[in-house]
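A.B. asks: The sequence shown runs 1 to 1181 under UniProt numbering.
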Amino acid sequence: MTSNLKIVHWNANGITRKTNELSAFISTYKPDIILLNETHLKPNLSLKIPNFITYRNDLPLIRGSPAHGGTAILVHRTIVHQQININTKLQSTSILIKINNKTTLVSSVYKPPSSTLIRSDLDLLINAADNIIIAGDLNSKHPLWNSRRTNATGLILYNHLLQNDYSIVAPDTPTHFPSSKKYRPDVLDIAIVRTHLLVHVTNLNELSSDHNPILLELSDSPITVSPPTPNTQINWNKFYHTLNAEKPNTTFLTNTKKNIDNCIQAFTNSIHSALDNSSYLRNKNSRRPVIPAEIQQEINAKNRIRREWQQNRDPLIKRSLNAKIKLIRLMLQTHREDEWDKYLNSINHNENSIYKLNRGLLKKRPATHPLLGPNGLSYSAKEKSEIIADSLERQFSTFQGPNLPEVTESIAKIRGSILNKPNLFTTPGSIQKLISKLAKNKAPGRDQITNTALKFLPKNKLLDLTKIINGCFDLCYFPSIWKLSSIISIPKPGKNHQLPENYRPIALLSSLSKIYERVILQYLQKSLAGKIREEQFAFRRNHSTVLQLTKLMDKISENLNQGIQTAAIFLDVEKAFDSVCHDGLLHKMLSMNIPLQLIKITESFLSERTFSVKIENQNSSLRKANAGVPQGSCLSLTLFNIYTNDLPTNNKSRVSLFADDTMFYCSNHNARFASLQLQKQINLASDWFKTWRLRINESKTTAIMFGINDAQVNSNDYTTPGFIKDIINHLPKRKASGEDQITNNALKNAPKNFILRLTHIYNSCFRHCFFPDDWKKGQIITIPKPGKNHQDPVSYRPITLLPTIAKIFEIIILRKLKCKTEHLVRDEQFAFRHQHSTVLQLIKLTDQLCKNRNDKKFTPAIFLDVEKAFDKVWHEGLLHKLIKIGTPIHLVKLIKSFLSNRYFNVRVENSVSSNRPINAGVPQGSCLSPYLYLIYTNDIPVNVNSNLALFADDTMFYTSNRNPNYAIAALQKQVDLALTWFENWRLGINTGKTVAILFNKNTTFNLNRITMAGIPIPWSNQAKYLGVTFDKFLTFNGHVKNTLVKARRCKNMLTPVLNSHSPVPLKTKIQIYQMYIRPLLTYAAEAWGPCISRSNWKVIESVQTSCIRSSAGLLSITSNHNILNSAGLKTLREVITTNSVRLFKRNTLSVHDHIVNLGRDEAITSIKSTPKIRPFDWSHT
C-alpha cells in the first residue's frame, strides 16, 4: 500500500461481465478501496477480486425482471476494517476504518433516479462516524459540484450541505455519458467528505460503463496489517557444518537450575548464530506484468476511442467502442484461463503443492477486524494483542471450589519428599528418533528454532541437548524459558470477530521444549499402562473417535432392537483444558502411583507458566497462566485424561468419554425409569465437577431419548453404517446431483463419522415415520423429445434431480418394502424385479404366440397406452393397497410422508421457476416410484380366458381360440373389465395410441373390432412392445427393418471414427462397434431370433461385416469369414446363441417358477411349420 489512501468509486452498470476488466484496472491504479454502484448482482452470483474482501447489498429480484441496482465495497485485505449496517432508504454498503486514531466511515451509496432523497437518510450516514467518505451516484445535480444544472435531488442535498459540517467533492468534467444523444453528459458521481485530510479527485477515462470511475486520494493511510517478513533461504549443509565445527563448551554444566538455564541460552544462541550465518535473502522472481502488453495496448486504444465517442457521440464510433470492449473481455478471459492452466501445469505433484492449492481454494483468509476492548474498538496490532491477552488471562484460571484436605496433604507430601536416586534419563539416539518424527512445517515458538533446524543438528549438538534434558530429569526441573508460549489467534468462523473470545488461541511452544515433553510423555504413558479407564478413547494408542462412535452406536442400536429406551445427556465442559486445577492434578497423579520423579517434573512443568499474544509483529506483555494444562503441549492431553479419570458413574449408568466430550446414558424398557436413573447420574457427576473446579455449560448441554415411537418400528427396519456404505459404494459416479449439490462422488469419499451421522438421521426418520421435507424437493431439467414440435412444452421430457442423500434413504425403504411385499407381486409383472427383464418378458410372450400359432389358434391382443401413468397415481388409493396387501403400518406411514407435500421447480440454464406442488403421482427420479406403481397396478383384474403381459405401465391383454370371433369376444370382455378398473383407480387410457393386432397364419376379413369407451380400435398389422415390433404373422420383418435403420444410422454417425483413415487403433474401433452398434442389432434377439428368415439373418450379419470392413480398410473381395477372423469376432448368430445359452442357464437358478420353466415347453419348441420360423433349440442347448 502507498502512503496515500486511494479510493475509487464507480457506477459499473452491471459488474458480472466486468470483473476481469476491473482486475486489470486494479493492477494499473492499485486502489485500496473500491466503491461500486449498480452492481446488478443476483444472490447466486459471486463477486471475487484477488486480495480484496467483498461486502455487498443486492436488491431483491423481481419476478420477470433482470437484476438491478445494488452496491458493493471491495477492501484490500491488508486494511483493518469492519462492516457496518446503516438502515436507510438509499442503497448503501458501508465499512469503518481508522485514520490517525479517528474512525472514518467509507460508504458506497446509490440513489435511483426515480426515488426521492430523504434528509433523515443523509443524517444517519453523516452521523455514523467522526469522519466520512460517502461516494457514489446520487443522481443529484447542482452547479456547486460542477453539474450543468440543478435538479430536485441536487437542491435537497445542497440545502442539507448548508446546514451540516461536510463538503462535496467531484471532478470538474462530466462523469456520466448517456448512450442516447437526447441527454447531455454531466457530473453525477460525487463524494460527501468530512475529514481533515487533503482530498484529490481524478476523473479516469477507464473501464466500460456509461460512468467514469472516480479516484479519491487522501493524504494519509488507514491502519493496516504489517507487511510480510523478507523471504529468507537457509543453506542447511552450511548450517550443519557450522555447528559441527564448534568447539566443545567446557562450561556446559547441568548440576543446578541456573546452570541449565544458561546452557539452554548458550545452546539457543549457538543455533541462532549458525542460522544467521547460513541464511540469505531469496532473490525475488522478476514477475511479468499482470496484464500482457498486447492487452494493455488494446485497453489504451479502447480508452482513446471512448474519449473520442464522449466528445462527439458518433454512433459509428460507439459501435467501434463496443466491439473493442468485447474483444478486450475475450482477451482478458483467455489470458486468465491460460495463466491458470500454466499454474496448474507447473505444480510439482510430488510435493505439497496440491495441498497448498486446495487449501487456498477452500480456506479463504478472513478480513482483519478491529477488536472491542474496554476503550471501544481498537485497530492497531499492539492494542488488539493486549485485548486478547486480557481475555486469555481470565480464561486460564480455575473456577471456585472447595479446598480439599487430601489435596493439601498430597501437595505437602510431593514437595517435602526427596528423591534418593533419579532414574529417568534419555539418550542421543532417542532424541534423534523423536526429532525425526517432528513435522517439518510447524511454526516455531519464541526462540524461532524450527523443527527443520533440529533435524540438521550434528552429533555434538545432540549430545548437548541430551545433557540438558538429563540434567532436567536429575533436578526434576522444567526450564522457565521453555514455559513461555507465544499465542496467535485464529477467528472462529461464523462468529462476531469484534469480540476477543471469538478467536481460537494457538499456542506456539519452543521445539526444544517439545522434545523434552515427548521424553516425559513416554515415561508417563508407561506408568499409566492399564490405569486409564476403558471409557476414555482420546489420545490413547489403538483408540479413536470412530471406534468410540461405533461402540456407542452399537449399544444404542442393540437397545433399540430389544425395545429398550436409552436416555442420554451430552455435557459441554466449559473451557475444560484451561480450567484444570494444578494441585488437584498432582494429587490424582500421586493417587495413581505415578513415580514421584514424574510428578515433581509435572509440577515444575505446570508452575509459573507465562504467555504473550502475537498479532502481526507485535507481542503483548507477558501474562501468567494460573490454571489449566498448557495449550500446544503433547503432555497436556494425557494430563487431562488423568484429571478426569475418576469421574464417577453409578452401577446403572454408562459414560462415553473422548477428552472433554462427555456423555452419560442409561437404559430401561420404561423411558421414565431411564430418565430417573440418568438424573441420579447427573447429580453425582455435577458434585464431582464442582469439587474439582470444572464447570458445565448448561446452554450447550443436550439431552436426548433414544427410543421407539408409537409406530412400533420393527428392529429389522433400522439400518446400519455398513448397509449405508454398501449402498453408497454401488451408486454410479457420474449422476447429476439435486439442488443440494451433493454428488455421489462426495458421498463415496465421506469419512466414517459422516456415515455414522447419516445412519442416525435415517434411523430417526424410521422411528418417526418421517420423510424430510428438504428431500422432497425435485429440480426438473427438460430434454426435447426427438421429432416433436419444440415450441410446445409437452414435447419436452422432464428429468427430475433429487438430493443424493434422499435417494439413499429411498433405496433403504425400497429394500425393506420389497422384503415385505415382493412375494405378493403378480407373476405377469416383469418390471423392476430381480431376475426379471424386458428380454424375459418378450421371450415369454413370443413363445406363447408361437405356441398358439402352431396349435392353429387365433390370438387377438391389445396394447394399452396408459396416459401419464406414473404421474396420475392416486395417493390415497396407493396407501389403501399397501395396507390391503399387509404392508407394516410404519412403512405405510413413511410412504405417506414420502408422497405428501412434495414440490418441484424447473431449471432452464441458470434460471429456476417458482416452486410448484405435486398433488398426485409417484415422484419422478425416485427409485421407490416404479415399485409403488407395481403395487398400485398389482390387482388389475384378468378373466379366466385372458392373459396379461405387464412391464410397469406397458400393458397387453391377449386371448386365443381356433375361432377368431370367439377369441375377440373374450378379449372385449377383458378390455371392458380392465377399463372399469382403470376408471375406478383414476388412470386414463389413450385410445389414440392403443393398438390391437390379431396374430394368425393367414389373412382374415370381416372381423369384429375391439371397442373402448364406444371407440372402435382398428386392427393393425404390427405393434411395438418393449422395443420389439411384432407383426401378425410373427416374421419380425418390421422389427428387422427398424433395427437395420437404427444400426446404420449409428454407423453413419460414427463414420469419422470407424474408417480406415482414422488414427484410432483397430482394437478401439472394434470396441466402439461392440459398445454402440452391436447392441442395437442383438437387443432381445433371444426372443425374436428363432423366428426370422435366413435372408433377414444375412442382412443383419452384413451390418457387422460392413463396419469391420470399413474400419480395417479391407478390400471388397475379402470374405466375411476372414473379416470376422481378423477382428476376432463371431457371427451375430453365434453371439446371440451364446447369450441365449447363458440366459437360460441363469434362469434355472431363479427362485421364481415361471422364470425357471421359461422357454422349456416342448409344445412350443416342436413347431410344425415352415423351416424359416422354426426356433433354435436354445433353451435346451
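Positions of the beta carbon are idealized from the N, C-alpha and C atoms, including for glycine.
By Cβ distance, which residues of its chain are closer than 8 Å to N915, with the 5 residues on each side in sequence left out?
C.D. replies: The residue labelled residue 915 in the question sits at position 915 within the sequence shown. Correct list, in chain order: K777, Y903, F904, N905.
A.B. asks: Out of D123, N990, F999, I883, which one is the CA nearest neighbour of P1016?
C.D. replies: On the sequence shown, position 1016 is the one that residue 1016 refers to. The candidate whose alpha carbon is nearest that of P1016 is N990.
A.B. asks: How many angstroms separate the CA atom of L162 from the CA atom of L215?
C.D. replies: Locating residue 162 in the sequence shown gives position 162, where the first residue counts as 1. Locating residue 215 in the sequence shown gives position 215, where the first residue counts as 1. So the alpha carbons of these two residues sit roughly 25 Å apart.
A.B. asks: Are the beta-carbon atoms belonging to L845 and A949 less than 8 Å from one another?
C.D. replies: Stepping through the sequence shown from its first residue, residue 845 is reached at position 845. Stepping through the sequence shown from its first residue, residue 949 is reached at position 949. Their beta carbons are under 8 Å apart, which means L845 touches A949 by this criterion.
A.B. asks: Quick check on the burial criterion: 16 or more other C-beta atoms within 10 angstroms. Buried or exposed for E608?
C.D. replies: As a working note, residue 608 is residue 608 in the sequence shown. It counts as exposed.
A.B. asks: Determine, using beta carbons only, whether I295 and L330 come nearer to each other than 8 Å.
C.D. replies: Residue mapping note: residue 295 aligns to position 295 of the sequence shown, counting from 1. Residue mapping note: residue 330 aligns to position 330 of the sequence shown, counting from 1. Not in contact: I295 and L330 (Cβ atoms no closer than 8 Å).
A.B. asks: Closest to P964 by C-alpha separation, out of L1034, L74, N852, would be which residue?
C.D. replies: Position 964 of the sequence shown, counting from 1, holds the residue named residue 964. Residue N852 is the option with its Cα nearest to P964.
A.B. asks: Could you tell me how far apart the beta carbons of N729 and K748 are, in whole angstroms, since I believe they sit closer than 8 Å?
C.D. replies: Translated into the one-based positions of the sequence shown, residue 729 becomes position 729. Translated into the one-based positions of the sequence shown, residue 748 becomes position 748. Yes, they are in contact, since the Cβ atoms of N729 and K748 sit about 7 Å apart, within 8 Å.
A.B. asks: Under 7 Å Cβ to Cβ from L849, same chain only, skipping five residues before and after it: list those, please.
C.D. replies: Taking the first residue of the sequence shown as position 1, residue 849 is located at position 849. So the qualifying residues of the chain are T859, F999, L1034.
A.B. asks: Grab me the residues of T691's own chain with a C-beta within less than 8 Å of its C-beta, minus the 5 sequence neighbours each way, in chain order.
C.D. replies: The residue you call residue 691 lines up with position 691 of the sequence shown. Excluding positions up to five away in sequence, the list reads G401, P402, L404.
A.B. asks: With DSSP as the reference, identify every bridge partner of F1030, one or two as the case may be.
C.D. replies: Along the sequence shown, one-based indexing puts residue 1030 at 1030. Per DSSP, A1023.
A.B. asks: Since K872 and R986 should fall inside the 8 Å C-beta cutoff, what is the C-beta to C-beta distance between them, to a whole number of angstroms?
C.D. replies: For the purposes of this step, residue 872 is taken as residue 872 along the sequence shown, with counting starting at 1. For the purposes of this step, residue 986 is taken as residue 986 along the sequence shown, with counting starting at 1. K872 to R986, Cβ: 6 Å. Contact.
A.B. asks: Quick one, are the C-beta atoms of Y933 and K881 less than 8 Å apart?
C.D. replies: As a position in the sequence shown, residue 933 is number 933, starting the count at 1. As a position in the sequence shown, residue 881 is number 881, starting the count at 1. Cβ atoms of Y933 and K881: not closer than 8 Å.
A.B. asks: N300: buried (16+ other C-beta within 10 angstroms of its C-beta) or exposed?
C.D. replies: As a first step, residue 300 must be located in the sequence shown, where it is residue number 300. It counts as exposed.
A.B. asks: Which residue or residues does DSSP assign as beta-bridge partners of residue 1234?
C.D. replies: Since the displayed the chain opens at 1 and closes at 1181, residue 1234 lies outside it and no answer follows.
A.B. asks: Throw me the rounded Cβ distance for the A1127 and I1070 pair, which I believe falls under 8 Å.
C.D. replies: Locating residue 1127 in the sequence shown gives position 1127, counting from the first residue. Locating residue 1070 in the sequence shown gives position 1070, counting from the first residue. With a Cβ gap of about 5 Å, A1127 and I1070 count as contacting.
A.B. asks: Quick one: what's got a C-beta closer than 6 Å to A170's C-beta in the same chain, skipping five residues either side?
C.D. replies: Translated into positions along the sequence shown, residue 170 becomes position 170. These residues qualify, in order along the chain: W145, N146, V187, I190.
A.B. asks: Considering only DSSP beta bridges, list what M1012 is partnered with.
C.D. replies: Numbered from 1 along the sequence shown, position 1012 holds the residue referred to as residue 1012. I1015.
A.B. asks: What number of angstroms, rounded off, separates the C-alpha of K700 from the C-alpha of L684?
C.D. replies: Along the sequence shown, one-based indexing puts residue 700 at 700. Along the sequence shown, one-based indexing puts residue 684 at 684. C-alpha separation (whole angstroms): 19 Å.
A.B. asks: Rank N139, L125, I126 by C-alpha distance to the C-alpha of L115 and give the top, closest one.
C.D. replies: Counting from 1 along the sequence shown, the entry for residue 115 is found at position 115. One detail in the question is off: residue 115 reads as Ser in this sequence, not Leu. Out of N139, L125, I126, N139 has the C-alpha closest to the C-alpha of S115.
A.B. asks: Pull up the distance between the alpha-carbon of K18 and that of H335, whole angstroms please.
C.D. replies: Reading the sequence shown from its first residue, position 18 is the one you call residue 18. Reading the sequence shown from its first residue, position 335 is the one you call residue 335. About 14 Å.
A.B. asks: In whole angstroms, what separates the C-alpha of A507 from that of K413?
C.D. replies: Reading the sequence shown from its first residue, position 507 is the one you call residue 507. Reading the sequence shown from its first residue, position 413 is the one you call residue 413. Each residue's alpha carbon lies about 32 Å from the other.
A.B. asks: Using a 10 Å radius around the Cβ and a threshold of 16 neighbouring Cβ atoms, would you call V839 buried or exposed?
C.D. replies: Residue mapping note: residue 839 aligns to position 839 of the sequence shown, counting from 1. V839 comes out buried.
A.B. asks: At the level of alpha carbons, what is the spacing between V8 and P630?
C.D. replies: Within the sequence shown, numbered from 1, the residue matching residue 8 stands at position 8. Within the sequence shown, numbered from 1, the residue matching residue 630 stands at position 630. Taking the straight line joining both Cα atoms gives about 48 Å.
A.B. asks: Look at the Cβ atom of S436, then the Cβ atom of K455, and state whether they are nearer than 8 Å.
C.D. replies: In the sequence shown, the residue the question calls residue 436 occupies position 436. In the sequence shown, the residue the question calls residue 455 occupies position 455. Taking 8 Å as the Cβ cut-off, S436 and K455 qualify as a contacting pair.
A.B. asks: Please determine if the region 72 to 89 and the region 120 to 138 are in contact, where contact requires at least 3 C-beta pairs separated by less than 8 Å.
C.D. replies: Counting Cβ pairs under 8 Å, three or more are found: they touch.
A.B. asks: Keeping to the same chain, check which residues put their C-beta closer than 8 Å to that of E298; ignore five residues upstream and five downstream.
C.D. replies: Numbered from 1 along the sequence shown, position 298 holds the residue referred to as residue 298. These residues qualify, in order along the chain: K324, L327, I328, M331.
A.B. asks: With a threshold of 16 other CB atoms inside 10 Å of the CB of Y958, please say whether the residue is buried or exposed.
C.D. replies: Looking up residue 958 in the sequence shown gives position 958. Result: buried.
A.B. asks: Alpha carbon to alpha carbon, how far is S653 from F770? Give it in angstroms, no decimals.
C.D. replies: On the sequence shown, position 770 is the one that residue 770 refers to. On the sequence shown, position 653 is the one that residue 653 refers to. Each residue's alpha carbon lies about 31 Å from the other.
A.B. asks: Exposed or buried, P222, counting other C-beta atoms within 10 Å across all chains shown (16 or more means buried)?
C.D. replies: Within the sequence shown, residue 222 is the residue found at index 222, counting from 1. Label assigned to P222: buried.
A.B. asks: What is the residue span of the beta strand (DSSP E) that residue 1188 lies within?
C.D. replies: Missing from the structure shown is residue 1188; the chain here goes from 1 to 1181 and no further.
A.B. asks: Can you tell me whether T1148 is buried or exposed, with buried defined as 16 or more other CB within 10 angstroms of its CB?
C.D. replies: What you label residue 1148 is simply residue 1148 of the sequence shown in a count that begins at 1. Under this definition T1148 is an exposed residue.
A.B. asks: For H1039, which beta-bridge partners are listed by DSSP?
C.D. replies: One-based indexing of the sequence shown puts residue 1039 at position 1039. Partner(s): none; H1039 has no beta bridge.
A.B. asks: Cα separation between W340 and A24?
C.D. replies: The residue labelled residue 340 in the question sits at position 340 within the sequence shown. The residue labelled residue 24 in the question sits at position 24 within the sequence shown. One C-alpha to the other measures close to 16 Å.
A.B. asks: Looking only at its own chain, which residues have a Cβ that is under 8 Å from the Cβ of T720, when we skip the five neighbours before and after it?
C.D. replies: Taking the first residue of the sequence shown as 1, we reach residue 720 at position 720. So the list reads S557, T759, once near-sequence residues are dropped.
A.B. asks: Should C819 go down as buried or exposed, given a rule of 16 or more other Cβ atoms within 10 Å for buried?
C.D. replies: The count along the sequence shown starts at 1 and reaches residue 819 at position 819. Classification of C819: exposed, given that the 10 Å Cβ count is below 16.
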